[in-house]
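K.L.:
Residue numbers for the sequence shown follow my numbering, so the first one is 4 and each next one is one higher.
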Amino acid sequence: MADREHKGLVARWLEGKERDEDYARNSLPTSRWQLFWDIIKGRFGRLMLTNLLMLLTFLPLVALIILRTMSIWSQGGMGPYGAGLGVGYPAIPNIVGFAETAVLQTDLFYFGLFIPAAAIAALGISGGGYIIRNLIWTEGIFVANDFLRGIKRNYWNVLEAVLVFTFVLFMARFMGNLADVFTALGSTASGWLIASKVVGYIFVAFFLLVCFWMISLGINYKQGPWALFRNAVVMTVGTFPQTVLFAALATWPIFLTIFTNGIWLSIGAIILVLFGFSYCFLVWLDYSQWAFDKFVNPNLGVAVGRGLYNKDAAKQGTGKQEPVQDSAAMQEYKRMIVAQGRSTLVSRPIKPIDDDIELYQLPDSFSREDLQKLRESKQVMEDDVKAYVEEHKNDPQYVEYNREFDERERALREETGEGEKGKKKKPAKPPKMLNKRN
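1) Distance, Cα to Cα, LYS381 vs ILE144?
2) With DSSP run on the structure shown, which of helix, strand or coil describes LYS44?
3) State the start and end residues of the unbroken alpha helix (DSSP H) segment that holds ALA306.
4) Name the residue from ALA125, LEU285, PHE249 and THR104 whose alpha carbon lies nearest to the alpha carbon of MET51.
5) Touching or not, the segment 245-253 and the segment 191-205, by the rule of three or more beta carbon pairs under 8 Å?
6) Kindly indicate which three-state DSSP category VAL171 falls into: helix, strand or coil?
7) Would you mind sorting VAL240 into buried or exposed? The rule is 16 or more other CB atoms within 10 Å of its CB.
8) Tell me, to the nearest whole angstrom, how far the beta carbon of ARG35 is from that of GLN292; I am working on the premise that it is less than 8 Å.
9) Report the three-state DSSP secondary structure of PRO399 (helix, strand or coil).
10) Does the count of Cβ pairs from the segment 175-190 and the segment 133-152 closer than 8 Å reach three?
11) Quick one: grab the DSSP three-state call for GLN292.
12) Cα-Cα, which of LEU277, SER368, SER281 and MET238 is closest to THR254?
13) Leaving aside the five residues before and after ALA105 along the sequence, list all residues of the same chain whose C-beta is less than 6 Å from its C-beta, in chain order.
14) Within 10 angstroms of the Cβ of VAL114, are there 16 or more other Cβ atoms? Answer buried if so, exposed if not.
15) Could you check which residue in ALA390, MET238, GLY127 and ILE118 has the C-alpha nearest to that of PRO352?
16) So the candidates are LEU277, THR53 and TRP267; which of them puts its Cα closest to the Cα of PHE150?
17) Would you grab the beta carbon distance between VAL184 and LEU67 for me? Rounded to a whole angstrom, and I think it's under 8 Å.
18) Give the secondary structure of GLY115 by DSSP, where H, G and I count as helix, E and B as strand, and everything else as coil.
19) Under 8 Å between the Cβ atoms of ALA124 and LEU64?
20) Under 8 Å by Cβ, that's how I've got TYR312 and THR33 pegged, so tell me the actual separation to the nearest angstrom.
21) Straight-line CA distance for CYS283 to LEU252?
22) Go ahead and pull the three-state DSSP assignment for LYS354.
23) Assuming contact is defined by CB atoms lying nearer than 8 Å, are GLY132 and GLY100 in contact in what I supplied?
24) Please report how far the alpha carbon of PHE61 lies from the alpha carbon of VAL276, in whole angstroms.
25) Kindly give me the distance between the Cβ atoms of ASN148 and SER129, rounded to whole angstroms, as I take these residues to be in contact under 8 Å.
26) Among ILE118, LEU377, MET238 and HIS395, which has the Cα closest to the Cα of ILE360?
27) Write down the C-beta distance between GLY221 and VAL161 rounded to the nearest angstrom, noting that I regard them as a contact closer than 8 Å.
28) Name the two residues that bound the continuous alpha helix (DSSP H) containing GLY271.
29) Give the straight-line distance between the Cα atoms of VAL327 and GLY310, rounded to the nearest whole angstrom.
30) Assuming VAL171 contacts PHE210 (C-beta within less than 8 Å), just tell me the rounded distance between them.
31) Keeping to the same chain, check which residues put their C-beta closer than 7 Å to that of LYS396; ignore five residues upstream and five downstream.
32) Go ahead and label LYS297 buried or exposed: buried means 16 or more other beta carbons lie within 10 angstroms of its beta carbon, across all protein chains shown.
33) Alpha carbon to alpha carbon, what distance is there between ALA250 and TRP287?
34) Just to confirm, is the Cβ distance from LEU181 to GLY127 under 8 Å?
35) Starting from PRO366 and walking both ways along the alpha helix (DSSP H), at which residues does that stretch end?
36) When you compare the CB positions of PHE117 and PHE173, do they come within less than 8 Å of one another, or not?
Structure follows, in structure tokens:
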């Protein structure tokens, strides 16, 4: 430190921190919190574009929420709740429970439609969640292409999650409205009815957390429907305090929009339109990666800390992350390289033209002696090239390329199931907890 050149304030302003030898290392995220803020600052434009794509798939669900609210308001203004009071009102002898029955019928219709609308929203969740997961893994992304790739890879897992939640929501709302109707009619079991209503809302809150974990697990790992649900319940119960905290941090813009009015409703709506959905999944998937690194990935043999800078490795002089699995795009690129064959330009030495060996040029009128000289010059050149290749064939760049190509070729052969005798190999039995997905 003592031998560093001391620079003035203006010089430091002109050069900036990026000229500091420690800037690159110090600016890399080493924790999930730092990674979150790094993505917010550096990838905010892509978050907004991803949010727009997700918002398009959420429009049917948003429209149903608005129509349900307007329907209930209109029924509240047009219903016969002042029957017999004043001129012009029809005399209805008994309207006890009429309002509760109207709400029950309205919710049966709209909450039933929430299920197919959620299936459409699952398109945006699967595509947007895949993009945000790749941002957390610090992989290069193309928003449109990766959005479609995410739908193709993750839609069925995400669909299972949203269908489970919307069905539980439908049943809880139906039972709650039914309890309101019986309570208004003077049922003797009103206490039990209110208790069942409270239990229903507790189930909705719990299954909302399960739904979030199903989405995270479905995007990160390949597994069957029952395993997905079971593992989501295990993760919800096993990390319950942290799950509640980060679910609240992730979903506050949504709840601000749904359960407020006036200026707060406007603020919540603006946030959702600009980046609210992307923010929600960024917070949740970032937290999920922390939980997977702590509880899941070490047991599966998967590298932890994906997307983070490893300080310990840098102190030890390696400066490298633990080996991680390639993304789908990288795997496709490697398969394309293998399919094109081994490159002759980089797999073996090529002698540069930097010596005095020249090919004998035939004159306009040549004899048999000239042909012999041409043949000898060709032979000298070929021998010189062979000697150069033999001398440099064990250079590191050629050895490393051939080794990597052989590994890729062998991995591709195993992936396509080509054995020594042309028989397809049986896949290895997956772990009990989860199956890995690249």
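Ideal Cβ positions, reconstructed from N, Cα and C, are used throughout, including at glycine. Since the model is a prediction, treat every value here as computed from it, not as a measurement.
P.N.:
Short version:
1) Within the sequence shown, the letter at position 378 stands for residue 381. Within the sequence shown, the letter at position 141 stands for residue 144. So the two alpha carbons sit approximately 51 Å from each other.
2) If you number the sequence shown from 1, residue 44 lands on position 41. Of the three classes helix, strand and coil, the one that applies to LYS44 here is helix, per DSSP.
3) Along the sequence shown, read from residue 1 onward, the residue named residue 306 stands at position 303. ALA306 -> no alpha helix (DSSP H), and no H or E assigned at all.
4) Numbered from its first residue, the sequence shown carries residue 51 at position 48. Cα-wise, what sits closest to MET51 is LEU285.
5) no
6) As a working note, residue 171 is residue 168 in the sequence shown. Looking at VAL171 - three-state DSSP - the assignment turns out to be helix.
7) Along the sequence shown, one-based indexing puts residue 240 at 237. Burial call: exposed.
8) Counted from its first residue, the sequence shown places residue 35 at position 32. Counted from its first residue, the sequence shown places residue 292 at position 289. Sure, about 7 Å apart at Cβ, within 8 Å.
9) Working through the sequence shown from its first residue, we reach residue 399 at position 396. Correct three-state label for PRO399: helix.
10) no
11) The residue given as residue 292 occupies position 289 in the sequence shown. Residue state, collapsed to three classes: helix.
12) Sequence index remark: in the sequence shown, residue 254 carries index 251 (1-based). Checking every option, the nearest Cα to that of THR254 belongs to SER281.
13) By 1-based counting over the sequence shown, the position of residue 105 is 102. The residues are GLN78.
14) The residue you call residue 114 lines up with position 111 of the sequence shown. Inspection of the sequence shows that residue 114 is occupied by Phe rather than by Val. PHE114 should be labelled buried.
15) In the sequence shown, counting from the first residue as 1, residue 352 sits at position 349. Considering only alpha carbons, the answer is ALA390.
16) Here the question's residue 150 lines up with position 147 in the sequence shown. Measuring from the Cα of PHE150, the nearest candidate turns out to be THR53.
17) Within the sequence shown, the letter at position 181 stands for residue 184. Within the sequence shown, the letter at position 64 stands for residue 67. That pair is no contact at about 23 Å.
18) Taking the first residue of the sequence shown as 1, we reach residue 115 at position 112. Note: GLY115 maps to helix in three-state DSSP.
19) Position 121 of the sequence shown, counting from 1, holds the residue named residue 124. Position 61 of the sequence shown, counting from 1, holds the residue named residue 64. For ALA124 and LEU64, yes; Cβs fall inside 8 Å.
20) Within the sequence shown, numbered from 1, the residue matching residue 312 stands at position 309. Within the sequence shown, numbered from 1, the residue matching residue 33 stands at position 30. 5 Å between Cβ atoms; contact.
21) Position 280 of the sequence shown, counting from 1, holds the residue named residue 283. Position 249 of the sequence shown, counting from 1, holds the residue named residue 252. Using only the alpha carbons, I get a separation of about 8 Å.
22) Here residue 354 refers to the residue found at position 351 when the sequence shown is read from its first residue. Three-state DSSP puts LYS354 in coil, outside helix and strand.
23) Translated into positions along the sequence shown, residue 132 becomes position 129. Translated into positions along the sequence shown, residue 100 becomes position 97. Not in contact: GLY132 and GLY100 (Cβ atoms no closer than 8 Å).
24) The sequence position of residue 61 within the sequence shown is 58, counting from 1. The sequence position of residue 276 within the sequence shown is 273, counting from 1. So the alpha carbons of these two residues sit roughly 11 Å apart.
25) By 1-based counting over the sequence shown, the position of residue 148 is 145. By 1-based counting over the sequence shown, the position of residue 129 is 126. That pair is no contact at about 14 Å.
26) The residue labelled residue 360 in the question sits at position 357 within the sequence shown. Among ILE118, LEU377, MET238 and HIS395, the Cα nearest to that of ILE360 belongs to LEU377.
27) Residue 221 sits at position 218 when you count from the first residue of the sequence shown. Residue 161 sits at position 158 when you count from the first residue of the sequence shown. About 6 Å separates the two Cβ atoms, so the contact holds.
28) Within the sequence shown, numbered from 1, the residue matching residue 271 stands at position 268. Note, GLY271: alpha helix (DSSP H), 266-274.
29) As a working mapping, residue 327 is identified with position 324 in the sequence shown. As a working mapping, residue 310 is identified with position 307 in the sequence shown. At VAL327, the pLDDT of 45 sits below 50, so the modelled position is not reliable; the number obtained from the coordinates is stated separately. Those two C-alpha atoms are separated by around 10 Å.
30) In the sequence shown, residue 171 corresponds to position 168, counting from 1. In the sequence shown, residue 210 corresponds to position 207, counting from 1. That belief holds up - the Cβ atoms of VAL171 and PHE210 are roughly 5 Å apart, short of 8 Å.
31) In the sequence shown, residue 396 corresponds to position 393, counting from 1. Same-chain partners within the cutoff: ARG351 and PRO352.
32) Stepping through the sequence shown from its first residue, residue 297 is reached at position 294. It is exposed - the Cβ of LYS297 has fewer than 16 other Cβ atoms within 10 Å.
33) To locate residue 287, count along the sequence shown from 1; it is residue 284. To locate residue 250, count along the sequence shown from 1; it is residue 247. In a straight line, the C-alpha of TRP287 is about 7 Å away from that of ALA250.
34) Taking the first residue of the sequence shown as 1, we reach residue 181 at position 178. Taking the first residue of the sequence shown as 1, we reach residue 127 at position 124. No; because the gap between Cβ atoms is not below 8 Å, this pair is not in contact.
35) Locating residue 366 in the sequence shown gives position 363, where the first residue counts as 1. Taken as a continuous stretch (DSSP letters only), PRO366 belongs to no alpha helix (DSSP H), as it is neither H nor E.
36) Here residue 117 refers to the residue found at position 114 when the sequence shown is read from its first residue. Here residue 173 refers to the residue found at position 170 when the sequence shown is read from its first residue. Cβ atoms of PHE117 and PHE173: closer than 8 Å.
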